[in-house]
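Scroll down for the structure; my scribbles are underneath it.
Chains as they are written, first to last, in the working numbering: chain X, 1 to 622; chain U, 1 to 107.
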């Protein structure tokens with residue numbers, strides 16, 4: 001069976017209705033995907049590697065594509081065909097790109113957006129991004145065991161329309177339905193639940209591998225507005241690695257190194273940098289290709305001194321954004337840290353000092369944007385319909401439903417659902433050619449209509465005649481914020497519609513509601529048996545009517561003995577169906593099914609013969 | 001009879017409750033649904049209702065409303081892995097037949 005998840009109270013999904021949705025942080029250096037499971041957000045790891053997928057795509061001559069770690073290994077040896085930081089090219093023209101530093105690719109000018117000439121042909125940044133998104137989509141679908149209904153993808157707050165459109169196109173190319181593009185700083189704020197506050201101004205400090213973004217957000221009535229953004233497109237954690245590497249090479253007198261040694265030193269410096277976020281000193285050690293050893297002990301103080309200029313560099317855009325937004329640091333209610341580089345203690349200290357308050361750091365800064373996007377995706381996919389947009393909650397005291405065949409109640413809005421709410425369910429016709437349906441709206445916890453309270457009745461007319469079960473009638477219950485219930489029914493094929501409005505709580509005192517609830521509990525067992533009986537009776541009645549109409553049309557297909565046997569069985573089933581023994585009805589029903597098997601087969605043969613009569617075999621389209 | 005959690009299910013529920021930061025236990029129940037009769041309810045419980053039947057399994061409180069109990073009495077909730085996917089599964093002895101995926105059932 002399908003595996004279930006823990007839901008928030010009152011939010012269990014109807015069968016087949018839990019929608020799989022993800023949030024994707026499509027980053028310059030790394031990308032990741034997150035979702036909400038068991039009502040908790042989490043990032044999804046790949047099959048072998050971890051949660052972070054390097055945003056690197058390599059095109060091979062045979063047309064195949066490598067993404068992530070595998071592609072990263074060829075970054076140096078096959079740089080022309082290994083695309084890194086493709087996000088910088090999204091929605092950009094050749095002039096924009098060439099103004100920047102990256103000249104390692106064979107760019108091709110094209111209408112609107114630059115293209116990259118690779119061994120596998122000319123690729124647009126949209127296609128390259130789509131390769132990354134495809135990997136994340138497959139990762140999510142295998143982890144969640146199903147197809148995604150959609151994704152929320154994050155983009156920098158400063159992305160213009162062309163860049164946003166390019167991101168959307170990439171998602172579509174990867175087979176993802178974009179529920180919404182979300183600004184990265186907004187996603188980070190949502191991850192911290194800041195949208196649950198009523199209002200306030202927040203700052204998001206995002207120092208990634210190669211870029212720095214600072215944004216000021218204003219929250220009012222649960223909606224974030226970006227007041228100002230600033231940043232440095234060439235400042236990130238990698239610069240801290242570089243600074244340490246320069247120092248290490250100076251120390252060892254190794255200023256002139258071949259590229260592979262430079263890279264080895266960088267990799268080691270990155271490790272030392274990360275270690276220094278936890279420890280106060282760390283040993284750096286690299287063996288160079290000529291056998292020399294580069295060795296040094298680095299203390300946190302030394303590292304901080306080496307990178308003080310870089311830390312100071314982050315504060316310039318911070319001041320600028322606050323100035324643009326006409327705000328002082330005291331106006332900022334909270335600062336969210338995003339990006340792996342904000343793990344460095346000197347960054348945290350600088351932010352704390354500048355804003356005079358401790359930044360928010362509880363959520364892993366690598367994951368915070370993806371987590372916010374996942375929370376948003378979960379809401380947009382409809383998994384948490386109510387609650388989110390409404391601070392003031394009210395609940396429905398008793399379940400609301402409609403009468404179905406056999407005098408049974410089908411509950412559509414369950415007790416304790418928060419209002420406003422809207423729930424829909426599909427029903428169908430019971431008889432061939434049925435053109436109208438009576439809708440009886442009831443309230444209560446019991447299984448039988450006679451034990452519940454009748455609220456309203458109306459009819460849906462003008463259903464086109466169809467075989468029983470072919471019509472699809474969608475009944476929608478809507479309870480607005482004032483507790484006003486409107487029920488509408490619509491035949492989806494023809495569009496015929498009817499509706500009614502009632503106020504369900506009208507005339508019921510608290511005592512009466514409590515009494516109806518108690519009755520529901522007290523009669524749980526009896527109700528369960530009664531529901532089983534009624535369902536069986538409805539099934540039997542349907543069978544009786546079907547056999548009777550078949551006899552009327554095709555009775556001549558049976559010989560006298562067969563005809564007599566079926567009539568006898570019909571009478572027995574009718575008699576039993578008037579009683580209250582569900583088991584006996586079931587036995588008689590099964591017997592009837594068996595008895596009429598040959599009859600049904602003959603009727604089928606007759607229909608086929610009629611359809612084929614007078615046709616040549618050659619004319620038949622099979 | 002009772003409603004219980006397997007050891008693995010209890011471990012995961014306790015872990016989820018801790019990460020969520022609130023809740024007294026887990027609520028199991030049923031509701032009627034369109035396609036094949038009944039559907040399961042599996043939710044965090046923030047408070048016990050006066051009418052709830054409360055079980056305890058491997059240290060985790062299991063709450064069942066009295067209307068649901070006849071449908072799921074004897075059920076063991078399990079936590080299982082299917083490929084890379086994982087989640088909870090109702091092992092319900094009352095089930096007579098269920099729809100293809102088992103999300104809804106008949107008793």
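Glycine included, C-beta positions come from ideal geometry on N, C-alpha and C.
Spatially closest choice to residue i from the options, by CA coordinates
| i | options | result |
| --- | --- | --- |
| residue 59/U | 15/U, 69/U and 89/U | 15/U |
| residue 220/X | 211/X, 237/X, 197/X and 230/X | 197/X |
| residue 135/X | 433/X, 3/X, 341/X and 175/X | 175/X |
| residue 400/X | 441/X, 306/X and 425/X | 441/X |
| residue 235/X | 468/X, 317/X, 414/X and 350/X | 317/X |
| residue 469/X | 491/X, 49/X, 450/X and 160/X | 491/X |
| residue 302/X | 346/X, 322/X and 338/X | 346/X |
| residue 28/X | 6/X, 118/X and 159/X | 159/X |
| residue 568/X | 581/X, 583/X and 591/X | 591/X |
| residue 81/U | 5/X, 42/X, 133/X and 450/X | 5/X |
| residue 50/X | 64/X, 59/X, 284/X and 69/X | 69/X |
| residue 13/U | 51/U, 29/U and 62/U | 62/U |
| residue 247/X | 268/X, 534/X, 116/X and 405/X | 268/X |
| residue 537/X | 96/X, 407/X and 31/X | 407/X |
| residue 363/X | 43/X, 233/X, 526/X and 280/X | 43/X |
| residue 403/X | 475/X, 333/X and 358/X | 475/X |
| residue 593/X | 92/X, 581/X and 566/X | 566/X |
| residue 95/X | 104/X, 110/X, 87/X and 456/X | 110/X |
| residue 272/X | 612/X, 309/X, 284/X and 263/X | 284/X |
Opening and closing residue of the alpha helix (DSSP H) in which residue i lies
| i | result |
| --- | --- |
| residue 190/X | 184–191 |
| residue 104/X | Careful: residue 104/X lies outside any alpha helix (DSSP H) and carries neither H nor E. |
| residue 354/X | 345–355 |
| residue 468/X | Residue 468/X -> no alpha helix (DSSP H), and no H or E assigned at all. |
| residue 441/X | Residue 441/X -> not in any alpha helix (DSSP H); beta strand (DSSP E) instead, spanning 436–443. |
| residue 368/X | 368–380 |
| residue 453/X | From DSSP, residue 453/X is part of no alpha helix (DSSP H) but of the beta strand (DSSP E) over 453–461. |
| residue 609/X | 597–612 |
For residue j and residue i, believed in contact at Cβ under 8 Å, the rounded distance
| i | j | result |
| --- | --- | --- |
| residue 335/X | residue 203/X | 5 Å |
| residue 294/X | residue 265/X | 7 Å |
| residue 373/X | residue 23/X | 3 Å |
| residue 409/X | residue 448/X | 7 Å |
| residue 557/X | residue 603/X | 7 Å |
| residue 33/X | residue 139/X | 6 Å |
| residue 67/U | residue 445/X | 7 Å |
| residue 461/X | residue 435/X | 7 Å |
| residue 24/U | residue 47/U | 6 Å |
| residue 652/X | residue 31/X | The structure shown has nothing for residue 652/X, since chain X only spans 1 to 622. |
| residue 157/X | residue 183/X | 4 Å |
| residue 106/U | residue 37/U | 4 Å |
| residue 114/X | residue 146/X | Not quite, the Cβ-Cβ distance comes to about 37 Å (not below 8 Å), so this is no contact. |
Residue range of the beta strand (DSSP E) that includes residue i
| i | result |
| --- | --- |
| residue 59/X | 56–59 |
| residue 82/U | 76–82 |
| residue 41/X | 40–43 |
| residue 523/X | Here residue 523/X belongs to no beta strand (DSSP E), and DSSP marks it neither H nor E. |
| residue 566/X | No beta strand (DSSP E) contains residue 566/X, which is instead part of the alpha helix (DSSP H) from 560–578. |
Inter-residue Cα distance where the pair is residue i and residue j
| i | j | result |
| --- | --- | --- |
| residue 12/X | residue 17/U | 16 Å |
| residue 238/X | residue 5/U | 49 Å |
| residue 40/U | residue 32/U | 9 Å |
| residue 8/U | residue 26/X | 35 Å |
| residue 10/X | residue 224/X | 28 Å |
| residue 187/X | residue 515/X | 46 Å |
| residue 529/X | residue 130/X | 55 Å |
| residue 546/X | residue 377/X | 47 Å |
| residue 389/X | residue 194/X | In this prediction, residue 389/X scores a pLDDT of 44, lower than 50, which makes its location untrustworthy; the coordinate-derived value is nonetheless stated afterwards. Cα to Cα, residue 389/X sits roughly 14 Å from residue 194/X. |
| residue 39/X | residue 21/U | 12 Å |
| residue 96/U | residue 437/X | 31 Å |
| residue 209/X | residue 72/X | 15 Å |
| residue 452/X | residue 443/X | 6 Å |
| residue 296/X | residue 19/U | 41 Å |
| residue 72/U | residue 181/X | 42 Å |
| residue 287/X | residue 57/U | 57 Å |
| residue 315/X | residue 349/X | 12 Å |
| residue 548/X | residue 564/X | 13 Å |
Contiguous alpha helix (DSSP H) assignments of at least 4 residues, all confined to the segment 289–338 of chain X: Listed in chain order, the alpha helix (DSSP H) elements of length 4 or more contained wholly in the segment 289–338 of chain X are 300–324.
Runs of 3 residues minimum, wholly inside the segment 7–90 of chain U: which ones carry the beta strand (DSSP E) assignment? The segment 7–90 of chain U is shown to contain whole beta strand (DSSP E) runs of 3 or more residues at 25–33, 37–45, 53–57, 60–64 and 76–82, in chain order.
Along the chain, which unbroken stretches of the alpha helix (DSSP H) at least 4 residues long are found entirely within the segment 141–223 of chain X? Scanning the segment 141–223 of chain X from its first residue to its last, the whole alpha helix (DSSP H) runs of 4-plus residues come out as 161–173 and 184–191.
My parser needs the alpha helix (DSSP H) runs of 4 or more residues fully inside the segment 250–281 of chain X; what are they? Correct list: 259–276.
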